[in-house]
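Going down the list, the protein sequences come from chains B and W.
First residue of the first sequence? That's 1 in this note's numbering, and the numbers climb one at a time after it.
First residue of the second sequence? That's 357 in this note's numbering, and the numbers climb one at a time after it.
Take a look at the structure set out below.
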Amino acid sequence: MKRRTLLASAAALSLAAGAAFAQDVPKIGFVYVGPVNDGGWSQHHHESAMKMKEHFGDAIELIEQESVPEGADAERVLTQMALSGADLIFTTSFGYMDPTINVAAKFPDVKFEHATGYKTAENVSVYSARFYEGRAITGYLAGAMTETNKIGYIASFPIPEVIRGINSSYIHAKQANPDVEIAVVWISTWFDPAKEADATQALLDQGADVVLAHTDSTAPLAVLEKAGAYGFGQAADMAEYKPEPRLSSIIDDWAPYYIERVQAVIDGSWESVNTWDGIGAGMVGIGEFTGPIPDDVVATVTQMKEDIAAGDYHPFTGPLNKQDGSAWLAEGEVADDGTLAGMDFYVEGVTGSIPN
Amino acid sequence: MIRLEKRPNPSRLWTGLTPILAVLLTMVVGGFMFALLGKPPLEAIRTIFWDPLFHPQFAGYSRPQLLVKAGPLILIAIGLSVGFRAGIWNIGAEGQYIMGAVCGAAVGLAFYPAETVLLFPLMVIAGALGGWAWAMIPAFLKTRFGTNEILVSLMLVYVAENILASASAGWLRNPEGMGFPGSRNFKQWASVYNDELVINTGMHWGVVAAFIAVIAAYVLMARHIQGFNIRLTGEAPRAAKFSGVSPARIIFLCLGISGALAGMAGLFEVTGPAGQISIDFGSGYGFTAIIVAFLGRLNPFGILLAGLLMALTYIGGELAQLMLGLPGASIQLFQGMLLFFLLATDVFTNYRIRLTGREVA
């Protein structure tokens, strides 16, 4: 009897403590598709989450879950997080889209933020970065630096984001060098150092001497270094490959967004939004220009970066035709977000076809 | 001096005891590992093994999830165990699982948006056939050219993963999905959605199939002549040959059963918990099922328990990450230890320890 009351009161105490804790500080959850030290996508979300945590200190509680497979497991993990009293949950991979929507419907009081998706709800926001703005810069550099007039591109999956990157890179490489050609290799993975290295070598063997990657590891840069060719940091600055072969980088920085959204929860002003930010808002960072880039090229890309940030220049500005030669954008016309979000075609000049 | 002495017959006692011993050793060494990571070991073990079942806040949700997670593991492991009994090592159940899902989903989507009760059974058959056909490749190559089924079935997993990627990005892609990879979501299609049969139990058709498979496997192995032939082939291949058992037949039978069950598991998963064909649909059930099969001693009822235990470590592991901030890799290590200790303690099933102090070795 005595023991039972003791246990019961202990349970009540811990429950009360838990409840009080949950009421006092918002609990912010993060779910990652890869391990938090993958060197790419998940690591960046994790580091941004840590920056956010640093910003708020004890004013929030941070819970994280890594290596969560997309699909049924994600749905369970999200439900458990919501049950554990999370107030705001960031689901940081495209494949969490349907699980996020499903769980959000069951927990109307919990707020969700899904990265790179397109389905929203009353309590689900989506956010993504305009990486193609960064691709404009690295594409221009690639075009300016190639001596063989051939640049390589390691692509992961044929989704609009990757296709936008290829198009943006090619358009701007061509601005720097009208004779440039682009060779694309599809490797069906976001992170596989061995495959990425093989793809890099294959592109080099085809005569490319600058290789852009839309995959997350540093393996391509390691191969490029040996071959004396050039590349770029992807998702991270990859500063260990400075000054060559890394010429610059596209850096994912989610921290400003995370801080802003968590603040909104604290203030009680959170609303479902659809955010697609680029260089201007700081979500896409451009790493330092290093290596033997001529001064005039540095000046051009620095100007381009400023113009994009200020909104004076859009990387998809006409005249642009589609790969089959049909007209897409007229002189001075700018691509609308709807077309960009669902982009499933190459622009004129890119060779090869999108795998299906 | 300590010597290992081969037992004339495998010890029945140790056969039953080793899984329990392996679980206990995993808890001890795992707890030690959690302590090294600076986490409270007892609390971590409790979170993994106890909280999913009895935690006041989570158990209501995680208990049914146990069946959802264990269902495909048991279904696949039952199929594998039949082959393992015969010494046929199908390591590629993951590929058969994926192909079952892809084939079944493809057949279903071909009829979209028909609403008929016939469609779901048709998809189950297509899923089983898909997995079966994928397993026939190593069977054919083994019987025809003497290739090693371990390598062939394993390599075919990677082929299947590429087919899955092309299906979700191309030919099965949701036409209304704005170009993003992934098929239509079966959860929004009433005729084929493999929903819970009784609300809040986690019991879907795949779990029912797993239970049926357990009983069927028991009957096959203990009561049926083919089961006897399978066991004989595994334990005494020469004797089996002399008694007229065709090795090729057994190979086709075993790989066929395991492929079909893995394929069905894939179909039940894609139409139920997963909901759609996506690039990352294959989440390793086919590989984990190998652990489940061995943990369950290749015995149907053992596999049932082992599947539930494995599911528990998954769900408890997720809770431990969430509640205690344990790194995800430590949970995987914890699960790996389970197989490691099982194989290690298995020595005692076939050998006994002899202290041979006086003898000259």
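The beta carbon of each residue, even a glycine, is placed where N, CA and C say it ideally should be.
Item                                                                                                                   : Value
Short Cβ contact (9 Å threshold) for W/A700 with W/G427                                                                : no
Within chain B, partners of W/E674 - CB distance below 9 Å                                                             : Q65, V68, D73, R76, V77 and Q80
Alpha-carbon spacing of W/T669 relative to W/A572, whole angstroms                                                     : 27 Å
Listed by chain order, chain B residues near W/I555 by CB distance under 8 Å                                           : Ordered by position in chain B, no residue passes the 8 Å Cβ test against W/I555, which lies about 13 Å from the chain.
Residue interval of the beta strand (DSSP E) (run including B/D277)                                                    : N274 to D277
Per-residue contacts from W/Q632 into chain B (C-beta, under 9 Å)                                                      : G71 and D98
B/N321 (DSSP reduced to helix, strand or coil)                                                                         : strand
Local Cβ density within 10 Å of W/A546, reported as buried at 16 or more and exposed below that                        : exposed
Short CB-CB distance (under 9 Å) between B/I28 and chain W                                                             : no
Test item: CB-CB of W/V564 and W/G460 under 9 Å                                                                        : no
Residue-level contact to chain W via CB, B/F232, 9 Å cutoff                                                            : no
Cα-Cα separation, W/Y468 to W/P531                                                                                     : 12 Å
Within-9 Å CB hit, W/D551 to chain B                                                                                   : no
Min CB distance W/M679 to chain B below 9 Å                                                                            : yes
is_contact[W/G692, chain B] using C-beta, thresh 9 Å                                                                   : no
Backbone secondary structure at B/S93 - three-state DSSP                                                               : coil
Proximal residues to B/K119 (C-beta, below 6 Å), its chain only, five neighbours per side dropped                      : M97 and I101
Where the alpha helix (DSSP H) containing B/D267 begins and where it ends                                              : A255 to D267
Cutoff 9 Å: B/P193 Cβ touching any chain W Cβ                                                                          : no
Listed by chain order, chain B residues near W/E625 by CB distance under 9 Å                                           : G71 and A72
Cutoff 6 Å; reference W/Y574; Cβ partners in own chain excluding five residues on either side                          : P656
The region 504-521 of chain W: positions lying closer than 9 Å to chain B by Cβ                                        : E517, N518 and A521
DSSP-derived helix/strand/coil call for W/I447                                                                         : coil
Opening and closing residue of the alpha helix (DSSP H) in which B/S169 lies                                           : P160 to A176
Neighbourhood of B/G39 by C-beta distance below 7 Å, restricted to the same chain and skipping five residues each side : D216, S217, T218 and A236
Cβ neighbours of W/P396 in the same chain (closer than 8 Å, five flanking residues each side left out)                 : F390 and L680
Distance, W/I444 Cα to W/A415 Cα                                                                                       : 39 Å
Chain B contact for W/I404 (CB, 9 Å cutoff)                                                                            : no
Chain W residues whose Cβ lies nearer than 8 Å to that of B/G95                                                        : G538, S634, I635 and D636
Beta carbon proximity, B/V25 to chain W, threshold 9 Å                                                                 : no
Reference W/S686, options W/W561, W/T712, W/L393 and W/R359, closest by Cα                                             : W/L393
B/D179 in three-state terms, based on DSSP                                                                             : coil
Local Cβ density within 10 Å of B/D24, reported as buried at 16 or more and exposed below that                         : exposed
W/P366 versus W/N706 - alpha carbon distance                                                                           : 5 Å
Own chain residues within Cβ distance below 6 Å of W/V515, not counting five before or after                           : none
Interface positions of the region 185-214 of chain B facing chain W (Cβ-Cβ less than 8 Å), listed along the chain      : S188
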